[in-house]
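Residue numbers (this note's numbering): 166 to 555.
Shown next, in the form of structure tokens:
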């Protein structure tokens, strides 16, 4: 077995993390929500019948795979295989028993590997705004372990609290990464049109977003209404930042419009979440799904396709599937949120699940097509032959 692994994954062979993790995350996204729907009616994995297990797998299974694929970059195939095996084992164990020690250990191994590899690299950044990724990712990794541990110790209230509040951390990560992706892309489109975009990263607004969301997270257990006000402020700041990018000049670039729609969902979701916290409303789930389905779903689909296409030297603006998958994801978000207000709740939930999976199925087709244009096995064999000859 070891010789087989060495033959297929020679020590010096490097693979881009997104080639593996985006495929895995996309396939998992296609299956996860329908399985949760089936579990609610007694036909799927029993553990997914609870809202907490479903939420955990969406955030700390699906979203963490996206983070790994986006941030890890190229690395030796053998090392990347350790990341992938630990992630897969954590997902399988989570579907079997979310409160088992094997679930805790497998998730802990994955997030520890992720933190060990990413945090030292990110800490070398000179600006404090860039360095905030270090405590943010570190906290997300630590909370992953804490949530499972609280479930094992039967501290249900704390388990649910950590899971609910972690949504803000992922929202902040999307605000940061989404802004860093959109700003230069929009500026490049302006340049091609003979114009100049003055408002790019917008460091003052970005700093305001970091401060407001971070403070809202810290104050949530002791001053929930204040936390809500801060989240509303962060949503307004995100909307202002979005407006200053002037995406109406980029109508010829559907890929940028789709990314902008995902960022807009993020602004709306933060305002809704802040309003729920401020007023004590019962529609917490509605606000959360604006972030997790509307923002995370839309941004994830577009980022996976964009990064993969650019890697194989194709232009995302020429892929019509982007508009289709983004539109379907918006349907998923609207129907999931609308289910909380409708007498036809189960029908809308089923529609949202089908739309979510359909959108990511389209993403999966694009990723597989790009993978088919990247002869990985051939390149690995060539590197092996070269090593043997030398």
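Backbone N, C-alpha and C define an ideal beta-carbon position, used for all residues, glycine too.
- Judged by DSSP secondary structure, residue 476 falls outside any beta strand (DSSP E) and instead within the alpha helix (DSSP H) spanning 463–476.
- Separation of residue 531 and residue 518 (C-alpha to C-alpha, rounded to the nearest whole angstrom) is 20 angstroms.
- Residue 339: member of the alpha helix (DSSP H) spanning 321–357, first to last residue.
- Beta-bridge annotation (DSSP): residue 180 is paired with 240.
- Around the Cβ of residue 272, a 10 Å sphere holds 16 or more other Cβ atoms; the residue is buried.
- Residue 394 and residue 536 have their C-alpha atoms spaced approximately 45 angstroms apart.
- Taking the CA atoms as reference points, residue 396 sits about 15 angstroms from residue 451.
- If you draw a 10 Å sphere on the C-beta of residue 232, you find 16 or more other C-beta atoms in it, and that means buried.
- In this structure, residue 320 sits away from residue 386, with a CB-CB distance that is not shorter than 9 angstroms.
- In this structure, residue 317 sits away from residue 254, with a CB-CB distance that is not shorter than 9 angstroms.
- When Cβ pairs closer than 8 angstroms are counted between the two stretches, the stretch 309–316 is seen not to touch the stretch 411–427, the count staying below three.
- Short of 7 angstroms from the beta carbon of residue 265, and not among the five residues preceding or following it, lie these beta carbons of its own chain, in chain order: 258.
- Leaving aside the five residues that flank residue 433 on each side, the residues in its chain whose CB is nearer than 6 angstroms to its CB run, in chain order, 455.
- The beta carbon of residue 209 sits closer than 6 angstroms to those of 200, 203, all from its chain and outside the five residues before and after it, given in chain order.
- For residue 428, the enclosing alpha helix (DSSP H) stretches over residues 419–444.
- DSSP places residue 508 outside any alpha helix (DSSP H), giving it a letter other than H or E.
- As the crow flies, the alpha-carbon of residue 349 is around 8 angstroms from that of residue 366.
- In the DSSP annotation of this structure, the continuous segment of the alpha helix (DSSP H) that includes residue 285 starts and ends at 266–288.
- Counting the other Cβ atoms within 10 Å of the Cβ of residue 183 gives 16 or more, which makes it buried.
- Comparing C-alpha distances from residue 294 to each of 245, 375, 401 shows the shortest one belongs to 375.
- If you ignore the 5 residues before and after residue 474, its C-beta comes within less than 6 angstroms of the C-beta of 481, all in its own chain and listed in chain order.
- Counting along the chain, the unbroken alpha helix (DSSP H) around residue 317 starts and ends at 298–317.
- In this structure the stretch 419–435 does not touch the stretch 357–365; the number of beta carbon pairs closer than 8 angstroms is below three.
- Just measuring C-alpha positions, the residue of 341, 351, 478, 333 sitting nearest residue 379 is 333.
- Counting along the chain, residue 366 sits inside no alpha helix (DSSP H), nor does DSSP assign it H or E at all.
- Sorting 391, 186, 225, 439 by C-alpha distance to the C-alpha of residue 304 places 225 at the top.
- Residue 228 places its beta carbon 9 angstroms or farther from that of residue 469.
- The residues 294, in chain order, have a CB closer than 8 angstroms to that of residue 372 in the same chain once the five nearest residues on each side in sequence are set aside.
- Ranked by Cα distance from residue 457, the options 306, 309, 328 are led by 328.
- Minimum Cα-Cα distance from residue 402 among the listed residues 340, 416, 479, 438 corresponds to 340.
- A direct Cα-Cα distance of roughly 10 angstroms separates residue 459 from residue 465.
- When C-alpha distances from residue 248 are compared across 281, 220, 520, the shortest belongs to 281.
- Shown here, residue 208 sits in coil according to DSSP, grouped into three states, outside any helix or strand.
- Annotation: residue 388 is outside any alpha helix (DSSP H) and is labelled neither H nor E by DSSP.
- Non-local C-beta neighbours of residue 399 in its own chain, meaning closer than 6 angstroms and more than five positions away in sequence, comprise 374, 377, 378, 435, ordered along the chain.
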